[in-house]
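>
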Amino acid sequence: MTRILISLLAAALMAQQGVEQTTTGAKPGITIAASFDGLGFGFSGPHGSNARGNPSDNTLAVGPDHLVQIVNSQMAIFTKKGKKYAETGKPLYGPVATNTLFKGQGGQCEAMLSGDAVVRYDQLADR
Numbered sequence: 146m147t148r149i150l151i152s153l154l155a156a157a158l159m160a161q162q163g164v165e166q167t168t169t170g171a172k173p174g175i176t177i178a179a180s181f182d183g184l185g186f187g188f189s190g191p192h193g194s195n196a197r198g199n200p201s202d203n204t205l206a207v208g209p210d211h212l213v214q215i216v217n218s219q220m221a222i223f224t225k226k227g228k229k230y231a232e233t234g235k236p237l238y239g240p241v242a243t244n245t246l247f248k249g250q251g252g253q254c255e256a257m258l259s260g261d262a263v264v265r266y267d268q269l270a271d272r
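Just so we're on the same page, the numbering used here is the position in the sequence shown counted from 1, plus 145.
#1: How is the beta strand (DSSP E) around residue 256 delimited, first residue to last?
#2: At a cut of 8 angstroms, does the segment 167-177 reach the segment 208-225 through at least three beta carbon pairs?
#3: To test your reading of the DSSP string, which unbroken beta strand (DSSP E) runs of 3 or more residues are found completely within the segment 187-219?
#4: Taking the alpha-carbon positions, what's the residue 265 to residue 164 distance?
#5: Return the residue from the list 272, 261 and 222 that minimises the CA-CA distance to residue 188.
#6: Of the choices 267, 235 and 270, whose alpha-carbon is the least far from that of residue 191?
#7: Could you tell me if residue 243 is buried or exposed, where buried requires 16 or more neighbouring beta carbons within 10 angstroms of its beta carbon?
#8: Taking the alpha-carbon of residue 201 as reference, which of 213, 218, 193 and 252 has the nearest alpha-carbon?
#9: Taking the DSSP output, what are the residues bridged to residue 236?
#10: What do you get for residue 263, buried or exposed, if any count of 16 or more other CB atoms within 10 angstroms of its CB means buried?
#11: Tell me whether the beta-carbon of residue 260 lies closer than 8 angstroms to the beta-carbon of residue 216.
#12: Whose C-beta lies closer than 6 angstroms to the C-beta of residue 225 among residues of the same chain, with five residues either side of it excluded?
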C-alpha cells in the first residue's frame, strides 16, 4: 500500500512540474561542415532540371565517395569530399527517374514510375 501511495504521489508531482527541459546542455551544437542544393524544385544537374518535389519525401545515403539522394521518384548522385573528390555536392548524375535503374530489365519496374523509393548505404558490401 505504501509503495502504491508513493508512486501515485510521484506521478502527481511530475504531472504538476512536467518534464520540460528549461536549460540547454553543456556541449556545443553540431557544426555544419558542408551544404549544397540537392534535388527539389529548380535543381539542375547533368541530366537536366527537376521541377518536381512538393511535397518532398527525401532519402539520402552517404558512402565513402558519393551521396545518393532520392526525392519522390527522382534520384541524383553527388560528390563527397575525400580521397576521390575535392568538394561535396557537385552533381555527377541526375536528376533521373528512379525506374532508370531498371532500364533494359523489362517488366513493371522498368515501365512504371510508381512507388516511393528509398536509398540505403550497405557498409558491409561498400555500396
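Every residue gets a Cβ at the ideal spot worked out from N, C-alpha and C, and that includes glycine.
According to the structure shown:
#1: Translated into positions along the sequence shown, residue 256 becomes position 111. Unbroken run through residue 256 is the alpha helix (DSSP H), 252-256; no beta strand (DSSP E).
#2: Contact between the segment 167-177 and the segment 208-225 is absent, because fewer than three Cβ pairs lie under 8 angstroms.
#3: Annotation: the segment 187-219 contains the following complete segments of the beta strand (DSSP E) (minimum length 3 residues), in chain order: 188-190, 193-195, 203-207 and 211-216.
#4: Walking along the sequence shown from the start, residue 265 turns up at place 120. Walking along the sequence shown from the start, residue 164 turns up at place 19. In a straight line, the C-alpha of residue 265 is about 35 angstroms away from that of residue 164.
#5: Along the sequence shown, one-based indexing puts residue 188 at 43. A check of alpha carbon separations from residue 188 across 272, 261 and 222 identifies 222 as the nearest.
#6: Numbered from its first residue, the sequence shown carries residue 191 at position 46. The residue with the shortest Cα to Cα distance from residue 191 is 235.
#7: For the purposes of this step, residue 243 is taken as the residue at position 98 of the sequence shown. The Cβ neighbour count for residue 243, taken over all protein chains shown within 10 Å, is at least 16; the residue is labelled buried.
#8: As a first step, residue 201 is located in the sequence shown; it is residue number 56 there, counting from the start. Ranked by Cα distance from residue 201, the first of 213, 218, 193 and 252 is 218.
#9: Taking the first residue of the sequence shown as position 1, residue 236 is located at position 91. Answer is 223.
#10: By 1-based counting over the sequence shown, the position of residue 263 is 118. So residue 263 ends up on the exposed side.
#11: Counting from 1 along the sequence shown, the entry for residue 260 is found at position 115. Counting from 1 along the sequence shown, the entry for residue 216 is found at position 71. Going by C-beta atoms, residue 260 is not nearer than 8 angstroms to residue 216.
#12: Stepping through the sequence shown from its first residue, residue 225 is reached at position 80. In chain order, 210, 211, 212 and 233 place their CB closer than 6 angstroms to the CB of residue 225, counting only its own chain and leaving out the 5 sequence neighbours on each side.
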